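Residue numbers (the numbering used here), protein chains in the order written: chain Y, 1 to 339; chain H, 1001 to 1339. Structure record follows, encoded as structure tokens.
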DNA sequence: CTAGTATGTGAAAGCGCTTTCCCGATCTGG
DNA sequence: CCAGATCGGGAAAGCGCTTTCACATACTAG
């Protein structure tokens, strides 16, 4: 069960040299028809599958790109992976995924995963999110073709791909303002996360622009998770804050928010309007369907893959800012007159 | 930027042979303290990282196990991957993920992915779901250590890991019956999928046992997706079927079902009770939170990994059936007297 | 003080491929 | 009909590492 058959086996079987077998298999050089047939027959008969590892070593290219994912259990990242596969496939490249361990945001773990990927000598690297320090990423970028998605790394902008987070936060908030809301709460994303900061900045920008007061008490910390979103509204409600709308830093926290409101008997959007950020697939299926900022995660993955391919071909990756559009569904409505 | 440093570079730098460097790095044989220090210093100074590919080739083991995932964008599978990483890590193994392309259930694509994984000569293989034919899997199992998760392959039972789907379907349905429901609809899973068949069998078993009529009109086909769940209820409602409860073959289709009910003004569980299957993470955050059959996906991944490790150590994998317990939340309630 | 045994180390042989190099055979044109 | 170009294919080197083998050198024991 353990003895794999090698190119030598089929060379012997076909009565040719291994060079010829290799040439037939790769089409690197013309080979006489009859020998070609012999080789192919041997391959078929012995069920030969070339060893990709040996091939990679010999060629110096593995046709593999490493993908480091912050959290594979988030559909947002999972969809990017899908897009990456799609983008890579036409060029014959395959992704090799590694996920950060156990959703613990452990920076050290992430760096370790990155090292392991580097040791594997993948031809390039795509990093999705993660908490790896910027400087580390810059160092890696100097060694190997790298694209960073859903994150902005200073000094590496041309190889970074992310949505216009501030614009998204701004649009979400302005939409709520346009519906007549004036007391709009914000459930923040993870502290220190650039995306979180940018989205909050957009929220503040919209408020300011509309001449609405900025009320610290309406902003609560959370971590982009359902639990923390739930805890966030709970806190708001417990503190007795008055608000008619909530802008959550991402969809997952919006789910938590909605459950919190539901538990307290608030109707959505009748009593409180909710807007999220990401447009995860499931957001079209919440009750009510969630109005949110759309992040085209699959497309982003695809674009990232294409950028990496360009990098591999020594061209400029040519990444650009993705727009963050509002997707209007049912979780937000015009404020009631009674208020 | 492209020239990687090799073991030879550091051998030269340290003034020893490559053999010695290798021995220091792997601790395979004792090496004099001073040389050891020299080697380590060189490694540090040149930032040497051994080439895992070359190492794998030389050793004949890559310390990598291939993981073929049916649909990475499903949290159910994504969580298993998490569990697999966790289970593999202590033994120093790493997973190499490959996902089936583009959620199209394309059998051919899946087989291709499997081939690619095999070419990579991973030390073992874990397959999550997929539509790869049983016979193909049996053939692979003869070649390389294999564990199959969330699926039963005839003749490969000891290496398969799946929940008690029929028991789960039975429990879900009996729970609804216990709440007084007699007209319980069933949204089926993908046709031809063993899980779908088993869950349906459990549903029928419960009905039969309770002496309730089996009504074909209350069963509609779907494909384990939100869209198809939505379409399923729409069909039920359009046909004017009378029902007070729905057992959906998985959570995703349950989400669709809930949205359909919501759209038509039915309250959950006031008018219609809904029970799902899987207990995806998000199911605790739907409105109302979904009562469902719990599948411990992360644990399953971990157990699968451990089974594979055992297989790699030439021990029996010792897989077993996972129980499928009911998790009661808020989407089902006792039928109203008025009915 | 010699035979016998550890002990540490380098040279070299792989691991399974690709690719360069080279040579013999065939083909072209003058 | 021969020099020169063309073509197909085998031998062998090499990708970066591990591991066997053999050989000093340094110890023990008799």
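Virtual Cβ for every residue (Gly too), placed ideally from N, Cα, C. Bear in mind that the values here come from a model prediction, so they are computed numbers and not experimental data.
Can you give the Cα-Cα distance for residue i and residue j, rounded to whole angstroms?
i: residue 1213/H; j: residue 1207/H; result: 7 Å
i: residue 1103/H; j: residue 1227/H; result: Unreliable placement is indicated for residue 1103/H, whose pLDDT of 49 sits below 50; no coordinate value is reported for it.
i: residue 272/Y; j: residue 288/Y; result: 12 Å
i: residue 1049/H; j: residue 1068/H; result: 28 Å
i: residue 79/Y; j: residue 1100/H; result: 12 Å
i: residue 229/Y; j: residue 1137/H; result: 43 Å
i: residue 1283/H; j: residue 1251/H; result: 7 Å
i: residue 199/Y; j: residue 113/Y; result: 29 Å
i: residue 1014/H; j: residue 1039/H; result: 5 Å
i: residue 1004/H; j: residue 139/Y; result: 14 Å
i: residue 1164/H; j: residue 1196/H; result: 12 Å
i: residue 63/Y; j: residue 1268/H; result: 51 Å
i: residue 1153/H; j: residue 219/Y; result: 52 Å
i: residue 304/Y; j: residue 75/Y; result: 17 Å
i: residue 343/Y; j: residue 1211/H; result: Only positions 1 to 339 of chain Y appear in this structure, which leaves residue 343/Y out of reach.
i: residue 127/Y; j: residue 1024/H; result: 32 Å
i: residue 1311/H; j: residue 1146/H; result: 8 Å
Tell me whether residue i is buried or exposed, calling it buried when 16 or more other Cβ atoms sit within 10 Å of its Cβ.
i: residue 328/Y; result: exposed
i: residue 292/Y; result: buried
i: residue 1019/H; result: exposed
i: residue 1098/H; result: buried
i: residue 181/Y; result: buried
i: residue 320/Y; result: exposed
i: residue 34/Y; result: exposed
i: residue 41/Y; result: exposed
i: residue 238/Y; result: exposed
i: residue 1302/H; result: buried
i: residue 1186/H; result: buried
i: residue 171/Y; result: buried
Applying a beta-carbon distance threshold of less than 7 Å, which residues of chain H neighbour residue i?
i: residue 333/Y; result: Simply none; closest approach about 15 Å.
Check the Cβ-Cβ distances between residue i and every residue of chain H, and say whether any is below 9 Å.
i: residue 119/Y; result: yes
i: residue 73/Y; result: yes
i: residue 230/Y; result: yes
Please compile the residues from chain H whose C-beta is within a distance smaller than 8 Å of the C-beta of residue i.
i: residue 342/Y; result: As shown, chain Y starts at 1 and ends at 339. That puts residue 342/Y outside it, with no answer to give.
i: residue 62/Y; result: 1053
i: residue 49/Y; result: 1115, 1118, 1119
i: residue 129/Y; result: Under the 8 Å cutoff, chain H gives no residues; its nearest Cβ is about 15 Å from residue 129/Y.
i: residue 56/Y; result: 1053
i: residue 262/Y; result: 1287, 1288
i: residue 68/Y; result: Within 8 Å Cβ-Cβ: nothing; residue 68/Y doesn't reach chain H, min ~12 Å.
Starting from the beta carbon of residue i, find every residue of chain Y whose beta carbon is closer than 9 Å, and list them in chain order.
i: residue 1328/H; result: Residues of chain Y passing the Cβ test: none, with the nearest at roughly 16 Å.
i: residue 1226/H; result: 281, 282, 284, 285
Compare the Cα-Cα distances from residue i to each of the options and report the closest residue.
i: residue 254/Y; options: 147/Y, 240/Y, 334/Y, 233/Y; result: 233/Y
i: residue 331/Y; options: 144/Y, 270/Y, 321/Y; result: 270/Y
i: residue 132/Y; options: 171/Y, 173/Y, 83/Y, 194/Y; result: 194/Y
i: residue 1179/H; options: 1198/H, 1134/H, 1275/H, 1223/H; result: 1275/H
i: residue 1115/H; options: 1095/H, 1093/H, 1090/H, 1144/H; result: 1144/H
i: residue 1159/H; options: 1317/H, 1322/H, 1204/H; result: 1317/H
i: residue 1124/H; options: 1222/H, 1065/H, 1190/H; result: 1065/H
i: residue 1188/H; options: 1224/H, 1013/H, 1096/H; result: 1224/H
i: residue 1086/H; options: 1334/H, 1323/H, 1308/H; result: 1308/H
i: residue 1070/H; options: 1054/H, 1302/H, 1130/H, 1021/H; result: 1130/H
i: residue 1241/H; options: 1166/H, 1303/H, 1183/H, 1007/H; result: 1183/H
i: residue 1277/H; options: 1263/H, 1265/H, 1257/H; result: 1257/H
i: residue 1046/H; options: 1171/H, 1265/H, 1011/H; result: 1011/H
i: residue 1296/H; options: 1026/H, 1209/H, 1168/H; result: 1168/H
Nearest chain Y C-beta to residue i closer than 9 Å, yes or no?
i: residue 1081/H; result: yes
i: residue 1305/H; result: no
i: residue 1256/H; result: yes
i: residue 1103/H; result: Low local confidence applies: a pLDDT of 49 at residue 1103/H is under 50, so the model's placement there is unreliable, with the coordinate-based value given in what follows. Judged by the 9 Å Cβ criterion, residue 1103/H is in contact with chain Y.
i: residue 1235/H; result: no
i: residue 1289/H; result: yes
i: residue 1246/H; result: no
Within the present structure, is the beta-carbon of residue i separated from the nearest heavy atom of the ligand PLP by less than 8 Å?
i: residue 18/Y; result: No copy of the ligand PLP occurs in the structure displayed, which carries no ligand at all.
At a CB-CB cut-off below 7 Å, which residues of chain Y make contact with residue i?
i: residue 1078/H; result: 72, 73, 78
Mind pulling the chain H residues with CB within less than 9 Å of residue i?
i: residue 277/Y; result: Within chain H, no residue comes near residue 277/Y; the closest Cβ sits about 16 Å away, beyond 9 Å.
i: residue 46/Y; result: By Cβ distance, chain H contributes nothing, its closest Cβ being about 13 Å from residue 46/Y, past 9 Å.
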